[in-house]
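Participant:
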Amino acid sequence: MNHSDTMPSPRLERLLNSGRQHLIAGGLKGIEKESLRIGKDGFISQKPHPKSLGSALTHPYITTDYSEALIELITPPFAEIDDTIDYLTDLHQFVYDHLDDEMLLGASMPCGIDGDESIPIATYGTSNVGQMKHVYRRGLWHRYGRTMQAIAGIHFNYSVPAELWPALRGLENREDSLEAFTADAYFGLIRNFQRVGWIILYLFGASPAICKSFFKSRPSLMSQFETFNKGTLYHPYATSLRMSDIGYKSKNQASLNIDYNSLPAYIKSLYHAITTPYPEYEQIGVKVDGEYRQLNSNILQIENEFYSTMRPKQIAMSGEKPTLALKRRGLRYIEMRSLDLDVFEPVGINASRGRFIEALLLNCLLHDSPPNTQEDYRIYNANQLAVANNGRKPGLELNRNGESIPLQDWANEILDAMEPICRVLDEGLADKPYGAALAEQREVVRNPDLTPSARMLSAMSKNDEPFACLALQSSNEHVQYFKSRRLSDVRNREFMQLAEQSLIKQAEIESRDTLSFDDFLACYFAQCDDMTLPA
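Just add 1413 to the spot in the sequence shown (first one is 1) and you have the numbering used here.
Here it is in structure tokens:
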């Protein structure tokens, strides 16, 4: 995908020639979706995470992200995206059945906030691990402010079908271990996604406007935007301001130089960031007057602080650092993090979008992926910012391999390259859903007015309303949708039991703690000292 996105995929060609192309189907898909709890007054909730939903510390599917009011819903992974969406819908249903007079904000950019202090930091009980999660969030506040952390998004988790790995390794006559081959291929996927991931922002970005209240704690940033109306700022051609410099692309991390050319290089560069002191954060202090302000004063407190569009993932054991889990057991799946919540969908995403993303990720896996230089990363970041801020601008050109190319031309080449993958994924399916998902996005490339970002601005203009009104009105429509549904008795019992079990598990964790919090942190970070890193 470095030279031409229309070149045949060598890996797919080999699979087709061997008759094993069916092995690309059935990869596991999971979704993590964040949503702000909003009160009847339209402002961010100040209430604690509802106890009826279980423990945010230990519940596998219902937790909180940065804020006590920022619910995060996590599905198990499923081979069929319809099953993933159904489970996510049921999770929403269960939450709504226990929210009383509150609702979930259907937009990514927060409304109803009144500066940093209005955003309650999530708490997780008295255990050491619970305190660590809270102190980490306090550190984010001191480093970046709370407002940025109140932005909501969707993470799309994907694991390549297990049967595909040995087939690809054999067809390529590779002599490295299956685990090493798998890691190498996953990092190739990630590098290709970094090259073309801007297309997610164009097609699915849904944050072209922001409430002026978002800037109460950082008023100097308001001058970068145009005024849409009394309460709203925007860029006329923006797609995803969430993924711009005012959102999750933090300027504080611009010089990190995380290396995605191999798993050892990734671990080494991330290890450097989580173990290297940073003067600006040293000035904040770690423990001041007996109270922790942050976990440490390093460039990153922990790995999760690195805001990337895609993360290589391995399931960590209790108390195990993510980098150590990757080093010990390799990659298990990837987490794509650049999806906005679609205000026009009750759960923020639909199955057609999930199929398109699956096909795009497979396209990234099956194409050649040469190593990246730091200049490459600079170009990819510039392309992403251009699309985030001006993706629908007529004639917008991006940088591909040092040459300018119109966004629409490049997008069409990417979609053309996905066509054979969608045909394989549709084999045996009468309704050809992957081809339909691809065709739907071809229309969006052809007509930018069909993008979620353009539809949002159009609705706001038509009704002469600020962004907050559109967000709250859409959220109320979602409330009515879930009021019209009923959770099955089987699913309701499942979720009730999970909630009860999570509360019991939290109490058990708290009762077993024997170390002081200071000693607990020292033991946790001592894992870094045990890592044998490549030279």
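From the three backbone atoms N, C-alpha and C, an ideal C-beta is built for every residue, glycine too.
#1: Label Q1910 either buried or exposed according to how many other C-beta atoms from any shown protein chain fall within 10 Å of its C-beta, with 16 as the threshold for buried.
#2: Are there 16 or more other CB atoms within 10 angstroms of the CB of Q1854, so buried, or fewer, so exposed?
#3: Check K1460 in the structure and name its three-state DSSP category.
#4: Identify every residue that forms a DSSP beta bridge with T1645.
#5: When DSSP labels each residue in this structure, what does R1859 get in the three-state scheme?
#6: CB-CB under 7 angstroms to A1729, same chain, minus the five flanking residues each way: which ones, in chain order?
#7: To the nearest angstrom, how far is it from the Cα of Y1847 to the Cα of R1906?
#8: Taking DSSP as the reference, what is the three-state secondary structure of V1701?
#9: By DSSP, does R1750 sit in helix, in strand, or in coil?
#10: Which residues in the same chain have their Cβ closer than 7 angstroms to the Cβ of D1926, if we skip the five residues on either side of it in sequence?
#11: In or out: L1591 buried (at least 16 other Cβ within 10 Å) or exposed?
#12: Would you mind working out which of P1759, D1527, L1744, H1435 sits nearest S1630, comparing C-alpha positions?
#13: Between the stretch 1800-1810 and the stretch 1863-1871, do at least 3 Cβ pairs fall closer than 8 angstroms?
#14: Quick one: what does DSSP say P1408 is sitting in, helix, strand or coil?
#15: Could you work out which residue in A1596, F1617, M1723 is closest to A1371 when comparing CA atoms only?
#16: Kindly confirm or deny that the stretch 1866-1885 and the stretch 1751-1759 touch, where touching means at least three C-beta pairs closer than 8 angstroms.
#17: On the criterion of 16 or more Cβ atoms from any shown chain inside 10 Å, does K1453 qualify as buried, or is it exposed?
#18: Look at L1744 and L1828 and say whether their C-beta atoms are less than 8 angstroms apart.
#19: Can you tell which of R1551, I1623, S1915 has its C-alpha closest to the C-alpha of Q1707?
#20: Cutting at 6 angstroms between CB atoms, please list the residues of its own chain near L1775, excluding the five before and the five after it.
#21: From K1546 to N1586, what does the alpha carbon distance come to, in whole angstroms?
#22: Between L1483 and S1657, which are expected to be in contact by the criterion C-beta below 8 angstroms, what is the C-beta distance as a whole number of angstroms?
#23: What's the call for A1939, buried or exposed, on a 16-neighbour Cβ count within 10 Å?
#24: For a quick check, are the C-beta atoms of H1472 and A1912 less than 8 angstroms apart?
#25: Identify every run of the alpha helix (DSSP H) within the stretch 1555-1604, keeping only runs that are complete inside it and at least 4 residues long; order them along the chain.
#26: Enumerated in chain order, which unbroken segments of the beta strand (DSSP E) with a length of 3 residues or greater are wholly contained in the stretch 1800-1851?
#27: For C1936, count neighbouring C-beta atoms within 10 Å of its own C-beta (all shown protein chains included) and say buried if the count is 16 or more, exposed if not.
#28: Among residues of its own chain, excluding the 5 on either side of S1888, which ones have a beta-carbon nearer than 6 angstroms to its beta-carbon?
Facilitator: The structure says:
#1: In the sequence shown, the residue the question calls residue 1910 occupies position 497. Answer is exposed; the Cβ neighbour count stays below 16.
#2: Numbered from its first residue, the sequence shown carries residue 1854 at position 441. With 16 or more other Cβ atoms within 10 Å, it is buried.
#3: By one-based count along the sequence shown, residue 1460 stands at place 47. Looking at K1460 - three-state DSSP - the assignment turns out to be coil, as it is neither helix nor strand.
#4: Within the sequence shown, numbered from 1, the residue matching residue 1645 stands at position 232. Paired residue(s): C1624, N1642.
#5: Translated into the one-based positions of the sequence shown, residue 1859 becomes position 446. DSSP places R1859 in helix when its eight states are reduced to three.
#6: As a first step, residue 1729 must be located in the sequence shown, where it is residue number 316. Correct list, in chain order: P1735, A1738.
#7: For the purposes of this step, residue 1847 is identified with residue 434 of the sequence shown, where counting begins at 1. For the purposes of this step, residue 1906 is identified with residue 493 of the sequence shown, where counting begins at 1. If I take the Cα positions, the gap works out to 34 angstroms.
#8: Sequence index remark: in the sequence shown, residue 1701 carries index 288 (1-based). Strand at V1701.
#9: Locating residue 1750 in the sequence shown gives position 337, where the first residue counts as 1. It is a strand residue.
#10: Counting from 1 along the sequence shown, the entry for residue 1926 is found at position 513. Excluding sequence neighbours, D1926 sits near S1540, N1541.
#11: Start at 1 with the first residue of the sequence shown, and residue 1591 comes out as number 178. L1591 comes out exposed.
#12: The residue you call residue 1630 lines up with position 217 of the sequence shown. It is D1527.
#13: yes
#14: Shown here, the chain extends from 1414 to 1948; a query on residue 1408 therefore has no answer.
#15: Outside the displayed span of the chain (1414 to 1948) sits residue 1371, for which this structure offers no information.
#16: yes
#17: In the sequence shown, the residue the question calls residue 1453 occupies position 40. Note on K1453: under 16 other CB atoms within 10 angstroms of its CB, so exposed under the neighbour-count rule.
#18: As a position in the sequence shown, residue 1744 is number 331, starting the count at 1. As a position in the sequence shown, residue 1828 is number 415, starting the count at 1. Contact flag unset, no.
#19: Within the sequence shown, residue 1707 is the residue found at index 294, counting from 1. When each option's Cα is compared against that of Q1707, the closest is R1551.
#20: Start at 1 with the first residue of the sequence shown, and residue 1775 comes out as number 362. Cβ within range, chain order: I1437, I1834.
#21: As a working note, residue 1546 is residue 133 in the sequence shown. As a working note, residue 1586 is residue 173 in the sequence shown. C-alpha separation (whole angstroms): 45 angstroms.
#22: The residue given as residue 1483 occupies position 70 in the sequence shown. The residue given as residue 1657 occupies position 244 in the sequence shown. Not really, about 20 angstroms apart at Cβ, beyond 8 angstroms.
#23: Translated into the one-based positions of the sequence shown, residue 1939 becomes position 526. Flag for A1939 reads exposed.
#24: Sequence index remark: in the sequence shown, residue 1472 carries index 59 (1-based). Sequence index remark: in the sequence shown, residue 1912 carries index 499 (1-based). Against a cut-off of 8 angstroms, the Cβ pair of A1912 and H1472 comes out as a contact.
#25: 1577-1584
#26: 1810-1813, 1816-1819
#27: Indexing the sequence shown from 1 puts residue 1936 at position 523. C1936 should be labelled exposed.
#28: Position 475 of the sequence shown, counted from the start, is the residue given in the question as residue 1888. Taken in chain order, the residues that qualify are M1516, L1518, G1519.
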